[in-house]
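In our numbering, the protein residues as written are 22 to 361. Just so you know, even glycine gets a beta-carbon here, dropped at the ideal spot from N, CA and C.
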Ligand SMILES: Cc1ncc(COP(=O)(O)O)c(C=O)c1O
């Protein structure tokens, strides 16, 4: 059964070109660091992200957690948005794996604020944890993008207090497209960065962690500790190379489709949706309809082979991706109206 899936960009399927490259990939043993395709991916990623070295890892979560493990010691504190993936969607891994204390801040619209971050940096005091890391996200999980000026301000704070910055760039390339800049313009403001090869870039598995050579060497060992030392990873890296080289260049299509969807939704009298608020591939809207009808919508759409996320009481989210066309969007908007 083929579904039209608006739940996330994590649901994208690898392209035909990726599947062919995976089948033909030359492989070795990546724990011995002699998988040529993985080595090629890591070199490409380091270059694109403007960092000394990069490491192929299983997931964005692993990247964030390796960044924390590699830059904190037990009892240190990280500063991070309360709405971030690290705080809300990584199953308490920061506490479990690194034993780090979390200073989670509520930012307006979740856009990080340099002054708030600076105020939260601990002074040297026998009572205080040591602030060891500032974690940022770009793009944000709410579909917005952190402006470069904001990243620069936070970088200044980080330099002043000698505290490194980790960037969760699960959708870093979406952020770069939205800002109209090369990714290096964003990553210049962080010491370490994670970006996902899956999600909008369509690789079936994997993410990249990048930073200094010394940090990546440490992270390679920490990845082993987490059981993430994998062997013939060239099969996956082959798709990752296409993700970085080709799929990054088509993300603007997903963004344009998201704007198109937002426009169509805004034309429905009982839906509130602002097309101008769409910055990446995510559309959020609210419904002037009874709660039970909104909650029933996902089930009704599923009967039409359309998948959307379950209703959680707030705005409803739709995500466009490589497998979503304008026809799919027109069908979604028509079927939504049949739900009410
Ligand atoms: C902002 C953000 N960071 C990290 C991740 C984690 O990625 P993964 O699912 O590969 O662990 C996600 C996943 O959706 C995300 O949205």
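* **Segments assigned alpha helix (DSSP H), at least 4 residues, entirely inside the segment 248–298** => Counting whole runs of 4 or more residues, the segment 248–298 contains the alpha helix (DSSP H) stretches 255–266 and 272–287.
* **Supposed close pair residue 278, residue 329 - CB separation, criterion 8 angstroms** => In fact, because the Cβ distance is near 15 angstroms, the residues do not count as touching under 8 angstroms.
* Asked: Should the segment 245–255 be regarded as contacting the segment 46–63, the criterion being three or more beta carbon pairs within less than 8 angstroms?
  -> Segments in contact, yes.
* Could you pull the start and end residues of the alpha helix (DSSP H) that residue 82 belongs to? => 81–92 is the extent of the alpha helix (DSSP H) around residue 82.
* **Any heavy atom of ligand 1 nearer than 5 angstroms to the CB - residues listed** => The filter returns 80, 81, 82, 106, 162, 189 and 191, in chain order.
* Asked: Under 7 angstroms between the Cβ atoms of residue 94 and residue 232?
  -> The Cβ atoms of residue 94 and residue 232 do not sit closer than 7 angstroms to each other.
* Closer than 6 angstroms by C-beta to residue 191: which residues in its own chain qualify, once you throw out the five before and the five after it? Chain order, please. => The residues are 81 and 217.
* **Buried versus exposed call for residue 68 [16 or more other C-beta atoms within 10 Å across all chains shown]** => It counts as exposed.
* Do residue 243 and residue 91 come within 7 angstroms of each other at the CB atom, strictly closer than that value? -> With respect to the 7 angstroms criterion, residue 91 and residue 243 are classified as neighbours on the basis of their beta carbons.
* Asked: Is it the case that the Cβ atoms of residue 62 and residue 77 are separated by a distance below 7 angstroms?
  -> Yes. Within cutoff.
* Counting Cβ pairs closer than 8 angstroms, one from the segment 168–181 and one from the segment 106–115, do we hit at least three? -> No, they do not touch.
* Asked: Taking the alpha-carbon positions, what's the residue 287 to residue 55 distance?
  -> Rounded to the nearest angstrom, the two C-alpha atoms are 53 angstroms apart.
* Asked: Which partner residues of residue 98 appear in the DSSP bridge assignment?
  -> Under DSSP, the beta-bridge partners assigned to residue 98 are 122 and 152.
* Asked: When you compare only the Cα positions, how much space is there between residue 24 and residue 241?
  -> In this model, residue 24 and residue 241 are separated by some 38 angstroms (Cα to Cα).
* What does DSSP give as the partner residues of residue 187 in its beta bridges? -> Note: residue 187 sits in a beta bridge opposite 156 and 213.
* Asked: Between the segment 147–166 and the segment 298–305, do three or more beta carbon pairs fall short of 8 angstroms?
  -> Yes, since at least three Cβ pairs between the segment 147–166 and the segment 298–305 fall closer than 8 angstroms, the two stretches touch.
* Asked: Does the beta-carbon of residue 173 have 16 or more other beta-carbons within 10 angstroms, so that it is buried, or is it exposed?
  -> By the neighbour-count rule (16 or more Cβ atoms within 10 Å), residue 173 is not buried but exposed.
* Would you call the segment 141–149 and the segment 283–299 touching, i.e. three or more CB-CB distances under 8 angstroms? -> No: fewer than three Cβ pairs fall under 8 angstroms.
* To do: Can you grab the Cα-Cα spacing for the pair residue 29 / residue 338, in whole Å?
  => Distance between the alpha carbons of residue 29 and residue 338 is about 9 angstroms.
* Asked: What is the rounded straight-line gap between the Cα of residue 41 and the Cα of residue 87?
  -> Their Cα atoms are separated by approximately 31 angstroms.
* Sequence-distant residues of its chain with Cβ nearer than 8 angstroms to residue 289 (five each side left out) -> In the same chain as residue 289, and ignoring 5 residues on each side of it, the C-beta atoms closer than 8 angstroms to its own belong to 354, 357 and 358, in chain order.
* Spell out the partners DSSP gives residue 230 in its beta bridges. => In the DSSP output, where bridge partners are listed per residue, residue 230 has 76 and 215.
* First and last residue of the beta strand (DSSP E) that includes residue 308? -> Judged by DSSP secondary structure, residue 308 falls within the beta strand (DSSP E) whose first and last residues are 303–308.
* To do: Would you kindly work out how many angstroms separate the C-alpha atoms of residue 206 and residue 251, rounded to a whole number?
  => Distance between the alpha carbons of residue 206 and residue 251: 31 angstroms.
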